[in-house]
Amino acid sequence: MDKSFENMYRCLSYHPAISDKVRHGECIKIFIGSDTEHSDIAQKLHGYKKNFNVKSDFAFLEETSADDVKQKISDCDLFIFLYASSTLKNASPQGPEYLIKIRKFITESWKKSVLFKDYGPHFIEAFSESQTSITERNKKLIELSSRSQKIQYTDNQGSSIVGYLDRDHQWTSIDGNGNLDVIPGEIASHIKNLSGRVSFSGTFLSTAPFAIKYGVVNDMMTINIKEGEIIGFDCDNVEFNRDFNLYLNHNHGNRIVEEFGIGTNTGVKALYGRNAGFEERHPGLHLGLGGGVKGSHHLDLIFSGGKIAFDQTTFFDNGYVGSFR
511 MDKSFENMYR CLSYHPAISD KVRHGECIKI FIGSDTEHSD IAQKLHGYKK NFNVKSDFAF
571 LEETSADDVK QKISDCDLFI FLYASSTLKN ASPQGPEYLI KIRKFITESW KKSVLFKDYG
631 PHFIEAFSES QTSITERNKK LIELSSRSQK IQYTDNQGSS IVGYLDRDHQ WTSIDGNGNL
691 DVIPGEIASH IKNLSGRVSF SGTFLSTAPF AIKYGVVNDM MTINIKEGEI IGFDCDNVEF
751 NRDFNLYLNH NHGNRIVEEF GIGTNTGVKA LYGRNAGFEE RHPGLHLGLG GGVKGSHHLD
811 LIFSGGKIAF DQTTFFDNGY VGSFR
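For what it's worth, the numbering used here labels the leading residue of the sequence shown as 511, then goes sequentially.
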C-alpha cells in the first residue's frame with residue numbers, strides 16, 4: 511500500500527498546478543475530500559508522509575457543507591476527491607448530490623483538481639507500478655513506432671484492424687510526468703486510415719452508462735471500421751444493439767475513431783466495468799470514439815486482450831512480451 515501511495519504522490523508532484531512550487535521546495539496546500547466508500551484510502555493518503563513539502567487538509571464530502579468545501583478548494587493549491595458516482599445504486603449523470611451543489615465551482619477550479627471517481631478498492635492496484643517503469647515502457651513503444659510503417663491489432667479470433675503511420679507519427683505519452691490526469695499508463699494517437707473488422711471483448715468508459723449497464727463483456731459485437739470510422743457492427747444482444755446504434759446515430763462524430771490508445775500500466779490487472787478512468791490504463795488496446803466533433807460524446811472501448819504489433823514486431827500478446835514487460 512505504501513508503495514502505491516509513494517507512486518501516486520510522485521506523479522502528483524509533477525502536476526502542472528503545483529510542479530513549480532514543488533521544484534522550489536515551497537509548501538503545497540492539498541485538500542483531500544472523500545465519500546464514505548473511499549474514506550479508508552483517503553485518510554491514509556492524508557496521513558501518508560509525502561516526499562515533498564505538503565500541508566494536507568481532509569474532509570468527508572457527504573458531511574461537510576458546500577460552502578466549507580468551496581472554501582477549502584479556494585484555499586488549496588490542489589484538491590483530490592475520491593468518490594463513487596457511476597457505481598452508486600441510484601446513479602445520476604450529474605454525480606452524487608453533494609457534488610452537484612458545487613459542480614460549477616469544481617469546473618471553474620479544474621486546473622487544480624484530481625478526481626479519482628469510482629476507483630473503489632482498486633486505487634492501490636492503479637498505482638502499484640512505478641512511474642519510472644511506465645515511462646520507460648512508453649518510451650520504448652514510441653521509439654518502436656518511429657521505426658514502423660503500420661500498427662495492427664488482432665483479436666483472439668484472428669481478425670484485425672490496421673493503421674498506417676505517418677513519418678514522425680506523433681503519440682501522446684501519459685506517464686504521470688506533468689499530466690493533468692495523474693494516473694499513469696497510456697500512449698495515444700489519432701490514426702485516420704484505421705480499417706478492418708474485430709470482435710470486441712472488454713468494457714467501456716464514457717459519460718454514457720455503457721460500463722455500468724453491461725459491465726465487462728465477451729465478444730459482445732464485431733466492429734467494422736473503414737478509414738477511421740465505424741461503418742457498422744454486428745451484435746446478437748438486442749438491447750446493446752439498440753443502445754449502441756442510438757449512440758452512433760446521435761452524432762456522426764460518434765462514429766469517428768478519434769483515439770487509438772494503448773494502455774501501459776501493468777499494475778492494473780483486470781477490467782472491472784466500473785466506468786473508472788484507471789481502466790483505460792489497463793494493458794492493451796482502447797479505441798476512443800467521438801469527442802472531436804461538436805455535440806459528439808467520447809466513448810472508450812477498452813479491449814481485454816488480443817495482440818498489438820508495430821510492423822512485424824508483436825509487443826503485446828494478451829500482455830506485454832519481451833523487453834516491454
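All C-beta atoms in this analysis are idealised placements derived from N, C-alpha and C, irrespective of residue type, glycine included.
Taking Cβ to Cβ, would you say residue i is nearer than 8 Å to residue j?
{"i": "residue 770", "j": "residue 679", "result": "no"}
{"i": "residue 780", "j": "residue 693", "result": "no"}
{"i": "residue 644", "j": "residue 686", "result": "yes"}
{"i": "residue 554", "j": "residue 567", "result": "no"}
{"i": "residue 572", "j": "residue 608", "result": "yes"}
{"i": "residue 697", "j": "residue 717", "result": "no"}
{"i": "residue 597", "j": "residue 628", "result": "yes"}
{"i": "residue 569", "j": "residue 612", "result": "no"}
{"i": "residue 593", "j": "residue 548", "result": "yes"}
{"i": "residue 807", "j": "residue 815", "result": "no"}
{"i": "residue 820", "j": "residue 705", "result": "no"}
{"i": "residue 662", "j": "residue 669", "result": "no"}
{"i": "residue 826", "j": "residue 654", "result": "no"}
{"i": "residue 632", "j": "residue 830", "result": "no"}
{"i": "residue 773", "j": "residue 695", "result": "yes"}
{"i": "residue 562", "j": "residue 540", "result": "no"}
{"i": "residue 767", "j": "residue 795", "result": "no"}
{"i": "residue 650", "j": "residue 833", "result": "yes"}
{"i": "residue 691", "j": "residue 709", "result": "no"}
{"i": "residue 731", "j": "residue 743", "result": "yes"}
For residue i, report the span of its alpha helix (DSSP H) as first-last.
{"i": "residue 532", "result": "529-533"}
{"i": "residue 671", "result": "Looking at the DSSP string, residue 671 is not in any alpha helix (DSSP H); the run it does join, the beta strand (DSSP E), is 670-674."}
{"i": "residue 813", "result": "Unbroken run through residue 813 is the beta strand (DSSP E), 809-813; no alpha helix (DSSP H)."}
{"i": "residue 616", "result": "613-618"}
What first and last residue would you give for the beta strand (DSSP E) that runs through residue i?
{"i": "residue 662", "result": "660-664"}
{"i": "residue 721", "result": "Premise fails: residue 721 lies in the alpha helix (DSSP H), 720-724, not in any beta strand (DSSP E)."}
{"i": "residue 518", "result": "Looking at the DSSP string, residue 518 is not in any beta strand (DSSP E); the run it does join, the alpha helix (DSSP H), is 512-523."}
{"i": "residue 734", "result": "727-736"}
{"i": "residue 741", "result": "739-744"}
{"i": "residue 817", "result": "817-820"}
{"i": "residue 824", "result": "823-827"}
So, at 6 Å on beta carbons, what are the nonlocal neighbours of residue i in its own chain, with the 5 sequence-adjacent residues on each side left out?
{"i": "residue 702", "result": "738"}
{"i": "residue 805", "result": "761"}
Quick one: what's got a C-beta closer than 7 Å to residue i's C-beta in the same chain, skipping five residues either side?
{"i": "residue 601", "result": "595 and 722"}
{"i": "residue 758", "result": "740, 764 and 765"}
{"i": "residue 580", "result": "612 and 615"}
{"i": "residue 672", "result": "660, 662, 705 and 706"}
Which same chain residues, not among the five before or five after residue i, have their C-beta less than 8 Å away from its C-beta?
{"i": "residue 741", "result": "734, 735 and 765"}
| Sufficient close CB pairs (3 or more, under 8 Å) joining the region 700-713 to the region 809-825 | Taking one beta carbon from each stretch, the region 700-713 and the region 809-825 have 3 or more pairs nearer than 8 Å; the two touch.
| message | So within the region 755-795, which uninterrupted beta strand (DSSP E) runs reach at least 3 residues, ignoring any that extend past its ends? | response | Counting only unbroken stretches of 3 or more residues, the beta strand (DSSP E) elements lying wholly within the region 755-795 are 767-773, in sequence order.
| So, do the region 620-628 and the region 576-591 have three or more beta carbon pairs nearer to each other than 8 Å? | Touching, yes.
| task | Give, in chain order, every unbroken run of the beta strand (DSSP E) that is at least 3 residues long and sits entirely within the region 534-609. | result | If we require 3 residues or more, the beta strand (DSSP E) runs fully inside the region 534-609 come out as 538-544, 564-570 and 588-593.
| request: Starting from the N-terminal side, write out each stretch of the beta strand (DSSP E) that is 3 residues or longer and does not extend beyond the region 684-711. | output: If only uninterrupted beta strand (DSSP E) runs of at least 3 residues are considered, those enclosed by the region 684-711 are 696-699.
| task | Kindly provide the ranges of any alpha helix (DSSP H) runs that are 4 or more residues long and lie completely inside the region 626-653, ordered along the chain. | result | Segments of the alpha helix (DSSP H) lying fully in the region 626-653: 633-636.
| request: Answer yes if the region 645-663 comes into contact with the region 784-792, meaning at least three C-beta pairs across the two stretches below 8 Å, and no otherwise. | output: Taking 8 Å as the limit for Cβ pairs, the verdict is that the region 645-663 does not touch the region 784-792.
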